[in-house]
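Inspection log for the structure reproduced underneath, given as C-alpha cells.
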Amino acid sequence: MTASKSQRIVIVGGGISGLSIAVRLVQAGLPVTLVEGSELGFGASTRNQGWLYSGAWFAPENPLLAAQCYRSLQQTLFFCPECVEPDQSGMFYVISKKSTRPDKWSLVWTNASIPFDPIPIDTFLGELPHWNPDNVHKVWELPDRAIRTDILLRRLMEVADDRGVEFRTGTPIAGLMRSGSHVQGVVTTNGEEIPARLVILATGGETGLWSEASVEAPGDQPSYQLVNLKTHLLAIPHQLSPRPFCVLDRGGFNHIPHTGKSIFGSNHWEVVSRPDDVQAEKEEIQRILDLIHQLLPSWSFSKNEIIDWAGTTVQAMHVE
7 MTASKSQRIV IVGGGISGLS IAVRLVQAGL PVTLVEGSEL GFGASTRNQG WLYSGAWFAP
67 ENPLLAAQCY RSLQQTLFFC PECVEPDQSG MFYVISKKST RPDKWSLVWT NASIPFDPIP
127 IDTFLGELPH WNPDNVHKVW ELPDRAIRTD ILLRRLMEVA DDRGVEFRTG TPIAGLMRSG
187 SHVQGVVTTN GEEIPARLVI LATGGETGLW SEASVEAPGD QPSYQLVNLK THLLAIPHQL
247 SPRPFCVLDR GGFNHIPHTG KSIFGSNHWE VVSRPDDVQA EKEEIQRILD LIHQLLPSWS
307 FSKNEIIDWA GTTVQAMHVE
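Whatever position you read off the sequence shown (first residue = 1), add 6 for the working numbering.
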C-alpha cells in the first residue's frame, strides 16, 4: 500500500473480529495495519464455542442487532462455507414451558426478517431421543450454525494477507496516542508510535485499552459506562446429537455440536469487576449441568469428563 502511514486504519486484535474487520476494510480499498500482541487467532477466538448466530436470540430486545446478525451469518456462509460443521442443518429453537407464548418470538423474527420453520415435536424428539418429552411444547428451525472457528480464522488470514493487510504480530500495545479527546494512533510496549486516522479495538476486555478509549473530555457527562460481563461453557467429549439447539425459556440454554463433542452454555452473563476474571465458577457450571439433567435426563456422562471454562466481554451500557 502506498498510502501515508498516518492515513491507515489500525486494528488492535488478531482474532475473528479483528480479521473480519480488516478484510472488509481492505476490500474497500483502505490501508489497514492489524496489530496483535501474540499470534493471529490467539486468545478468545480459540475459546469460542463456535455458534454462528442468526440473531434470533437478540430479536426481542434489539431487532436491529438481530437483523445485522442474520446478514452477517449469510455473509460468513458465503465467504467460508467450509467452516460449517459437516452433516448439520440449522438450529432448533425450543419452548419448554406451556406458559411461554410462541407468538412473542415468531413475531420479532418476522419483523427482523429472520427465516424460521415450525418443526413437529415428534421430529424433534427423533433427533434428540434423550429429551424429556414433558419439556418441549414448540420447536422451530432457524439458520444458526455450528462452525469450526479454526477454519474460519485460517480463511480470514489468507484473504487479509492476499489483499495487503499489514500484520504486526508479537506487538503488544501499551496505550493510545491522543491529542485532546482524539485518538491518533497506538503506542507499543517498546515505545514505538503507530499513527492512524482511526483505531479499532477488537480485543478482549483484559487488555485495558477499553477504559483508556472511553475517557471523556473534561466537563463532559459520560453517555455510556463500560461493564465487564462473564459467561460460562462446558464441553463433554461425546456428541449428544449433530443438531444444535437453544431453549428460549431456559435462559438461552444451548448446545453446539462439534466432531466428537458437545458444548453447552447459556446466555446468562454476570457482571464482574475485572475483565481478566476468566476463572470458571462452580455455581455457574452447576447451573448448566442442572439444565442438562433436567432436559436430557437419560443422557449419561461422567463428571470427570467435563471441561469447563469462562470468558468475558465488555459492553458499553447507555447512561441516562
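Cβ coordinates follow ideal geometry from the N, Cα and C atoms, glycine included. On a predicted model such as this, the values are computed, not experimentally measured, just so you know.
According to the neighbour-count rule (16 or more other Cβ atoms, all chains shown, within 10 Å of its Cβ), is residue i buried or exposed?
i: Asp123; result: exposed
i: Ile101; result: buried
i: Phe84; result: exposed
i: Ile313; result: exposed
i: Arg77; result: exposed
i: Gly3; result: In the structure as shown, the chain starts at 7 and stops at 326, and residue 3 therefore has no counterpart that could be examined.
i: His238; result: buried
i: Pro281; result: buried
Return the residue from the list the options that minimises the CA-CA distance to residue i.
i: Trp115; options: Thr129, Tyr99, Pro303, Glu276; result: Tyr99
i: Pro250; options: Thr195, Phe130, Thr39, Cys75; result: Phe130
i: Gln190; options: Glu276, Ile15, Ser60, Ala202; result: Ala202
i: Thr155; options: Leu295, Phe259, Gln300, His264; result: His264
i: Leu31; options: Gln55, Ser44, Val16, Gly43; result: Val16
i: Gln321; options: Val277, Gln13, Gly257, Asp150; result: Val277
i: Ser112; options: Leu159, Asp283, Gly43, Lys144; result: Lys144
i: Gln94; options: Pro126, Pro69, Pro149, Ser44; result: Pro149
In this structure, how does DSSP classify residue i when only helix, strand and coil are distinguished?
i: Trp305; result: coil
i: Glu91; result: coil
i: Asp109; result: helix
i: Ser185; result: strand
i: Met7; result: Here the model assigns Met7 a pLDDT of 43, short of 50, so the residue's position is not dependable, and the following value carries that caveat. In the structure shown, Met7 sits in coil (DSSP, three-state: anything other than H, G, I, E or B).
i: Pro66; result: coil
i: Glu172; result: strand
What does the alpha-carbon distance come out to for the pair residue i and residue j?
i: Leu302; j: Pro243; result: 16 Å
i: Asp140; j: Asp167; result: 52 Å
i: Met97; j: Thr209; result: 28 Å
i: Ser319; j: Pro248; result: For the record, residue 319 in the displayed sequence is Thr; it is not Ser. Cα to Cα, Thr319 sits roughly 28 Å from Pro248.
i: Ile27; j: Gly176; result: 20 Å
i: Ser60; j: Ser279; result: 30 Å
i: Val18; j: Gly181; result: 11 Å
i: Ser104; j: Arg174; result: A small correction: the amino acid at residue 104 is Lys; Ser does not occupy that position in the sequence shown. Cα-Cα distance, rounded: 54 Å.
i: Ser306; j: Cys75; result: 34 Å
i: Trp63; j: Glu198; result: 43 Å
i: Cys252; j: Leu232; result: 28 Å
i: Thr39; j: Thr194; result: 13 Å
i: His274; j: Lys288; result: 14 Å
i: Gly170; j: Leu36; result: 10 Å
i: Met7; j: Glu172; result: With a pLDDT of 43 at Met7, under the threshold of 50, the modelled position of that residue is not reliable, and the figure given next carries that caveat. So the two alpha carbons sit approximately 9 Å from each other.
i: Leu240; j: Pro87; result: 26 Å
i: Val205; j: Val41; result: 10 Å
In the DSSP assignment, find the beta strand (DSSP E) that holds residue i and state where it starts and stops.
i: Tyr99; result: 97-101
i: Cys252; result: 251-253
i: Asn260; result: 259-264
i: Ile312; result: Segment: none, Ile312 is in no beta strand (DSSP E) and carries neither H nor E.
i: Pro121; result: It is not in any beta strand (DSSP E) - Pro121 carries neither H nor E in the DSSP assignment.
i: Arg345; result: In the structure displayed, the chain extends from 7 to 326; residue 345 sits before or after that span and is not available.
i: Glu42; result: Premise fails: Glu42 is in no beta strand (DSSP E) and is neither H nor E.
Quick check on the DSSP output: the alpha helix (DSSP H) that includes residue i runs from which residue to which?
i: Val6; result: Any answer about residue 6 is impossible in this case: the structure gives the chain only from 7 up to 326.
i: Thr209; result: Premise fails: Thr209 is in no alpha helix (DSSP H) and is neither H nor E.
i: Val16; result: Looking at the DSSP string, Val16 is not in any alpha helix (DSSP H); the run it does join, the beta strand (DSSP E), is 15-18.
i: Leu83; result: 69-85
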